[in-house]
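Let me begin by presenting the structure, written as structure tokens, before commenting on it.
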Amino acid sequence: MYQRIILKLSGEAMKGNTNYGIDPKTVHNIALEIKEIYALGVQIGVVIGAGNLWRGVIGEELGMDRAQADYMGMLGTIMNGLALQDALEGIDVPSRVMSAINVSEVAEPYIRRRAIRHLEKGRVTIFVGGTGSPYFSTDTAAGLRAAEIGADTILMAKNGVEGVYDKDPKKFADAVLYNELTLQEVLEKNLLVMDSTAASICKDNKINIIVFDMNKKGNIKKAVMGEKLGTVVKWEEK
Ligand code: UDP
Numbered sequence: 234m235y236q237r238i239i240l241k242l243s244g245e246a247m248k249g250n251t252n253y254g255i256d257p258k259t260v261h262n263i264a265l266e267i268k269e270i271y272a273l274g275v276q277i278g279v280v281i282g283a284g285n286l287w288r289g290v291i292g293e294e295l296g297m298d299r300a301q302a303d304y305m306g307m308l309g310t311i312m313n314g315l316a317l318q319d320a321l322e323g324i325d326v327p328s329r330v331m332s333a334i335n336v337s338e339v340a341e342p343y344i345r346r347r348a349i350r351h352l353e354k355g356r357v358t359i360f361v362g363g364t365g366s367p368y369f370s371t372d373t374a375a376g377l378r379a380a381e382i383g384a385d386t387i388l389m390a391k392n393g394v395e396g397v398y399d400k401d402p403k404k405f406a407d408a409v410l411y412n413e414l415t416l417q418e419v420l421e422k423n424l425l426v427m428d429s430t431a432a433s434i435c436k437d438n439k440i441n442i443i444v445f446d447m448n449k450k451g452n453i454k455k456a457v458m459g460e461k462l463g464t465v466v467k468w469e470e471k
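With the numbering used here, letter number 202 in the sequence shown gets 435, and the count goes up by one each step, no holes.
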């Protein structure tokens with residue numbers, strides 16, 4: 234069993250069956266799944282995205298300045314993080330929100346040593362604000378935080394997708410699921426699982442990633458217990 238993990242939740246995971254925004258019932262269910270692994274004594278850092286609210290690239294397509302649009306995306310992650318904290322507290326799981334962007338009224342600033350202390354004390358620590366810089370993704374933030382806190386692995390929870398495929402399974406019925414891959418292959422084949430910056434930071438820092446579908450109940454626990462699930466993306470060459 235993994236001792237300290239980063240759980241990467243895409244913003245999409247927060248919207249449930251709605252098209253947009255935050256569905257509190259869905260967030261409550263995510264919190265229940267997190268509670269299961271919390272109860273096992275796993276130290277849990279969560280990095281949360283904002284695709285349910287906003288993406289910088291959408292703003293750019295609509296004619297906005299990219300950096301400005303990216304900052305809006307980072308603010309979106311803070312809203313998601315607060316929603317998750319609310320749901321965790323509602324089921325008696327202690328948590329802290331740490332932000333890469335200063336919003337001291339609602340979240341602590343991200344300070345690495347303090348984050349490690351929270352984890353050691355058994356608080357689910359929710360990292361929001363991405364990396365704090367535009368032109369990055371929250372997948373990159375997950376790689377960065379995993380490296381900084383010395384996480385055993387990143388559990389990359391996808392919304393309704395089993396793992397990594399050779400092509401987009403939502404568009405191609407004959408898409409093939411990989412059981413195992415290397416980050417080098419992700420980079421070479423330009424696989425859609427994460428951007429190249431995120432893949433590089435994980436590869437350079439020897440971080441394995443487990444990509445799995447979090448819409449299936451119990452999958453987060455299975456992933457933590459090291460059960461075979463989804464796609465394992467390894468940092469090392471085969
Ligand atoms: N973002 C950013 N810097 C970061 C992380 C995120 O600028 O370090 C912005 C970016 O605009 C991105 C948005 O926040 O589109 C939401 O993050 P992401 O797309 O990674 O969310 P997810 O796909 O996980 O829901």
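Note that beta-carbon positions come from the ideal geometry of N, C-alpha and C, so glycine has one too.
Secondary structure at ARG347: helix, using DSSP grouped into helix, strand and coil.
CA-CA distance, ILE387 to GLU294, rounds to 30 Å.
PHE405 has its CB no nearer than 8 Å to any heavy atom of the ligand UDP. Proximity to GLY323 across ALA264, ASN313, ALA300 peaks at ALA264, based on C-alpha coordinates. Beta-carbon to beta-carbon, ILE440 and ALA380 are separated by about 6 Å, close enough to satisfy the 8 Å threshold. CA-CA distance, VAL466 to PRO367, rounds to 26 Å. Per the C-alpha coordinates, the member of ARG288, ASP401, LEU416 positioned closest to GLY363 is ARG288. Residue burial is scored here from C-beta neighbours: GLY376 has at least 16 other C-beta atoms within 10 angstroms and is therefore classed as buried.
Three or more beta-carbon pairs separated by less than 8 Å are not found between the segment 399-406 and the segment 258-278, which leaves the two stretches without contact. Three or more beta-carbon pairs separated by less than 8 Å link the segment 347-362 to the segment 274-289, which places the two stretches in contact. By a beta-carbon distance limit of 8 Å, LYS241 contacts ASP372. Their separation comes to about 6 Å. Taking every protein chain shown into account, the CB of ASN285 has 16 or more other CB atoms within 10 angstroms, so this residue is buried. Here GLY393 has ASP446, ASN448 as same chain residues with Cβ atoms under 8 Å from its own Cβ, once five neighbours each way along the sequence are excluded.
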